[in-house]
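Let me begin by presenting the structure, written as structure tokens, before commenting on it.
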Ligand SMILES: [Zn+2]
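Numbering (our numbering), first residue to last: -1 to 273.
In structure tokens form, the structure reads like this:
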């Protein structure tokens, strides 16, 4: 990240396809822009480049697309010379000698340049409907998602399950994230204070990443790869109705929000004093 583009081009092969050769922006315009970040949105990667003009790229790996990153120019040359050169669609070279090559054997991938994110979502409206990546999102993006008209009046116990808000939070992690953040599931998204937004954004990412490390939650008899997940061992509230809260010892409560169970501690998650 932060690398500056020295040259950027579609290969001759790519230009045989209309989706590469009929773009709003010439790929050579990316020269001298800096790669700010690559954001994952569902199956799409959104590249943000900043410079004299800012650009946004919609990238989809399709079924067979892949990226290769090289540190040295020689490695790039080797890649371009070898047998698989017929798969190369996009080449980006950076000022520090490193490079990035997009290969796509079966041509289902996309590498589409736009002058703004708005133009991108006009062309690909589905992208705008995909929520933040629950495993990794910025506080800034989380805050703006909370402030969206369709989100700000919703109770968090309902909103956290909406995949257009944050993708990847299931029913278990909804309850766990709120408990960790010490926030009531009844709390309305638009009413969150800055401190609460900070805590919630952190706890969602922590909970989802902990779940991966532990092999995911096991629900009833569901088994994945024949190894039962150990995640339920660290569940603080999910499935623990009437058991003591690990933080304040009050009884965990189960409520129904939008037909789904929410588990929480009415004592400490409501901002009341711990006992
Ligand atoms: Zn509690």
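In this text, a Cβ means the ideal position worked out from N, Cα and C, and glycines have one as well.
| Item | Value |
| --- | --- |
| Residue 245 CB to nearest heavy atom of ligand 1 below 7 Å | yes |
| Cβ-Cβ separation, residue 29 to residue 4 (assumed contact under 8 Å), whole Å | 7 Å |
| Length of the line joining the Cα atoms of residue 175 and residue 18 | 42 Å |
| Residue 98 beta carbon near ligand 1 (any heavy atom closer than 7 Å) | no |
| Distance between residue 114 and residue 54 (C-alpha atoms, nearest Å) | 6 Å |
| Cβ shell of residue 47 (< 8 Å), same chain only, five flanking positions each side left out | 3, 28, 31, 32, 33, 34, 53, 54 and 55 |
| Assigned exposure category for residue 177 - 16 Cβ within 10 Å defines buried | buried |
| Contact set for residue 221: own chain, Cβ-Cβ below 7 Å, skip 5 residues either direction | Low confidence applies to residue 221: its pLDDT is 36, below 50, so where it sits in the model is not reliable enough to give any reading. |
| Distance CB(residue 173)-CB(residue 62) smaller than 8 Å | no |
| Counted within 10 angstroms of its Cβ, other Cβ atoms place residue 238 as buried (16 or more) or exposed | buried |
| Through-space distance from residue 251 to residue 244, alpha-carbon basis | 13 Å |
| Closest Cα partner of residue 200 within the set 249, 91 and 164 | 164 |
| Residue 248: CB within 7 Å of a non-hydrogen atom of ligand 1 | yes |
| Cβ-heavy atom distance, residue 120 to ligand 1, below 7 Å | no |
| Cβ-Cβ distance between residue 150 and residue 144 below 8 Å | yes |
| Own chain, CB closer than 6 Å to residue 249, minus 5 neighbours either side, in chain order | 240 |
| Cross-strand partners of residue 58 (DSSP beta bridge) | 42 and 108 |
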